[in-house]
Amino acid sequence: MLTALADAPRHGYAIVQEILTITGGRTKMLTGTLYTALDRLLQQGLVRIDHEEVVAGRLRRSFALTEQGRQTLAGETERLRAGVAEAERRLALGSVRPALRTNAGSA
Numbered sequence: 001m002l003t004a005l006a007d008a009p010r011h012g013y014a015i016v017q018e019i020l021t022i023t024g025g026r027t028k029m030l031t032g033t034l035y036t037a038l039d040r041l042l043q044q045g046l047v048r049i050d051h052e053e054v055v056a057g058r059l060r061r062s063f064a065l066t067e068q069g070r071q072t073l074a075g076e077t078e079r080l081r082a083g084v085a086e087a088e089r090r091l092a093l094g095s096v097r098p099a100l101r102t103n104a105g106s107a
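1 is the number of the first residue of the sequence shown in UniProt numbering; add one for each residue after it.
1. Here's a check: name, in chain order, each residue in its chain whose Cβ is nearer than 6 Å to the Cβ of E53, leaving out the five neighbours to either side.
2. Are the beta-carbon atoms of V47 and G69 separated by less than 8 Å?
3. Quick check: the Cα distance between L20 and A8, rounded to an integer number of angstroms?
4. I'd like the list of long-range same chain contacts for T72, defined as Cβ closer than 7 Å, with 5 residues on each side in sequence excluded.
5. Using three-state DSSP, classify R26 as helix, strand or coil.
6. Looking at E18: is its Cβ nearer than 8 Å to the Cβ of A4?
7. State the Cα-Cα distance for the pair A74 and L65, rounded to the nearest angstrom.
8. How many angstroms separate the CA atom of Y35 from the CA atom of A92?
9. Residue range of the beta strand (DSSP E) that D50 falls in?
10. Alpha carbon to alpha carbon, what distance is there between H51 and R79?
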């Protein structure tokens, strides 16, 4: 969700659509999950209400990252980058290891 808000404020439906785009359709957020998560992120100070407007008689809030939210996203990005680097390093090691051979006649 933080990534979906990194470049611009968005309202709930736009956040859901952005998450679908970011994940190539692999992650679908249900409305209840979205607003529960947004409430938690608001309480943690990671997002803020950017603005509110009434659309078709209903209040629509747009959310934006706070500075703390940007720092949290940057930290998580670095953690993921380090994990990917370690996975790539280990995969590369596995591809150059000689295959284990067994000698049936020797002990």
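Here a beta-carbon is modelled for each residue, glycine too, at the ideal position from N, C-alpha and C.
Short version:
1. What you label residue 53 is simply residue 53 of the sequence shown in a count that begins at 1. Cβ within range, chain order: R60.
2. Within the sequence shown, numbered from 1, the residue matching residue 47 stands at position 47. Within the sequence shown, numbered from 1, the residue matching residue 69 stands at position 69. Yes, Cβ-Cβ distance for V47 and G69 is below 8 Å.
3. As a first step, residue 20 is located in the sequence shown; it is residue number 20 there, counting from the start. As a first step, residue 8 is located in the sequence shown; it is residue number 8 there, counting from the start. Roughly 16 Å between the two C-alpha positions.
4. Within the sequence shown, residue 72 is the residue found at index 72, counting from 1. So the qualifying residues of the chain are L2 and L46.
5. Counting from one through the sequence shown, the residue named residue 26 turns up at place 26. Coil.
6. Sequence index remark: in the sequence shown, residue 18 carries index 18 (1-based). Sequence index remark: in the sequence shown, residue 4 carries index 4 (1-based). The answer is yes: Cβ separation under 8 Å.
7. As a position in the sequence shown, residue 74 is number 74, starting the count at 1. As a position in the sequence shown, residue 65 is number 65, starting the count at 1. So the alpha carbons of these two residues sit roughly 12 Å apart.
8. In the sequence shown, residue 35 corresponds to position 35, counting from 1. In the sequence shown, residue 92 corresponds to position 92, counting from 1. In this structure, the CA atom of Y35 is about 42 Å from the CA atom of A92.
9. Indexing the sequence shown from 1 puts residue 50 at position 50. First-last of the beta strand (DSSP E) with D50: V47 to V55.
10. Within the sequence shown, numbered from 1, the residue matching residue 79 stands at position 79. Within the sequence shown, numbered from 1, the residue matching residue 51 stands at position 51. If you take the alpha carbons of R79 and H51, they lie about 31 Å apart.
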